[in-house]
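Numbering (the working numbering), first residue to last: 23 to 391.
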């Protein structure tokens, strides 16, 4: 089967690629049409463009993406009159190829274009007009990040309102929202990395753990996701990947009583912390400990406090429960939440001592490399 190889780029492009993969599994259930590669890329079978249920995924009531604008004054990806041409556009992506005659795309950095013969075969001036209309990044592609057509500059792209975009990227990024994980405060997050396999699994685990754990911060979500990845994946994250893992956070901020605007922020953990959480032995021990108070000490790089916590818990554990003072009891209630840890404080403190030792050992190895 002929394939298109997609390489990681900026977060919007990466979210679009992963969003398409999510939709392929959700709508057509054809996960065998893509595969992750060791260099961080993903191979997408070209034949998938002939198998996508365009009507179901984009135009039905259960659609995964609304791409038809309500009016020509506020256009999304497609004007209503071009709806029938969009089917041809998706199918024609099967034949997209690099050509020196094309302008370099500012998202994928390739010169991809649909063959002129394909457009002519369709005998469609509307399709040609449609393709011409989507070759510059604007609100048709993304109402939050794209600039107004011919009017306002684009802050996300450093004020550049003339970014070139190839037909494939124009198609991919309309799926970007499917990669984001909705949080209880109304914001959404997406974990980005320079590897599609890492992106896929980190977001998969983030979605799973957020659904069952009482995670309060983006930092905790990313930390738990890295631990889950270390425990469940047979791949080792490379140094470049670990140094470039970030959380993209989309949210609305209030300007005044009548105005809310969309904003995008970014959060990342220091490489040294990602390195620790990606270590199978450390990840396994943190998972076994299960206390967010301990996890946050690691996430904050406050390793000495882990040792101090272990020492204090050990001293308290040596006392009969009747002899423990109010201050000690309050301390234990604050730092030790899980029943399994409360019932065996000696073992819990030993796990903390071991965790501190493993972190120190890992740090020394990293310095010596």
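C-beta atoms are modelled at their ideal positions from N, C-alpha and C, and glycine is treated no differently.
Nearest in C-alpha terms to residue 309, of all of 262, 250, 47, 347, is 250.
Contact check between the region 182-199 and the region 224-244: fewer than three CB pairs, one atom from each, fall below 8 Å, which does not count as touching. Residues 381 of the same chain have their beta carbon placed closer than 6 Å to that of residue 325, with the five preceding and five following residues left out of the count. Contact annotation: the region 363-371 touches the region 334-344, with at least three C-beta pairs closer than 8 Å. Between residue 216 and residue 256 the beta-carbon gap is near 19 Å, outside 8 Å, which marks them as no contact. Shown here, residue 209 sits in coil according to DSSP, grouped into three states, outside any helix or strand.
Inter-residue distance for residue 201 and residue 73 is about 21 Å (C-alpha atoms, whole angstroms).
Remark: C-beta atoms of residue 31 and residue 198 do not approach each other more closely than 8 Å. When the five nearest sequence neighbours on each side are left out, the beta carbons in the same chain lying within less than 6 Å of the beta carbon of residue 76 are those of 109, 112, in order along the chain. DSSP, reduced to helix, strand and coil, places residue 267 outside both helices and strands of the structure shown, so it counts as coil. Bounds of any beta strand (DSSP E) do not take in residue 330; it lies within the alpha helix (DSSP H) bounded by 325-340. For residue 294, the enclosing alpha helix (DSSP H) stretches over residues 293-299.
Apart from sequence neighbours up to five positions away, the residues of its chain that approach residue 228 with a beta-carbon distance below 7 Å are 203, 213, 243, 247, ordered along the chain. The C-alpha of residue 295 is placed about 14 Å away from the C-alpha of residue 262. Residue burial annotation: residue 300 is buried, with at least 16 other C-beta atoms found within 10 angstroms of its C-beta. The DSSP-derived three-state label of residue 132 is coil. Annotation for residue 56: the continuous beta strand (DSSP E) segment containing it runs 56-58. Considering only 328, 208, 347, 194, the residue with the shortest C-alpha distance to residue 36 is 194. The three-state reading of DSSP puts residue 275 in strand, counting E and B together. Secondary structure at residue 290: coil, using DSSP grouped into helix, strand and coil. Residue state for residue 204 is assigned as strand, using DSSP reduced to three classes. Going by C-alpha positions, residue 25 is about 23 Å away from residue 157. For residue 65, the enclosing beta strand (DSSP E) covers residues 64-67. Excluding residues up to 5 positions away in sequence, 33, 213, 214, 215, 288, 289, 290 lie with their Cβ nearer than 8 Å to the Cβ of residue 268 in the same chain. A check of alpha carbon separations from residue 152 across 126, 122, 105 identifies 105 as the nearest. If the five residues before and after residue 303 are omitted, its C-beta is found closer than 8 Å to the C-beta atoms of 380, all from its own chain and listed in chain order.
Here residue 356 carries a helix assignment [DSSP, helix/strand/coil]. Put simply, of 63, 189, 372, 211 the residue whose alpha carbon is nearest the alpha carbon of residue 340 is 372. Boundaries of the beta strand (DSSP E) around residue 28: 25-28. Assigned with DSSP and collapsed to three states, residue 387 falls in helix.
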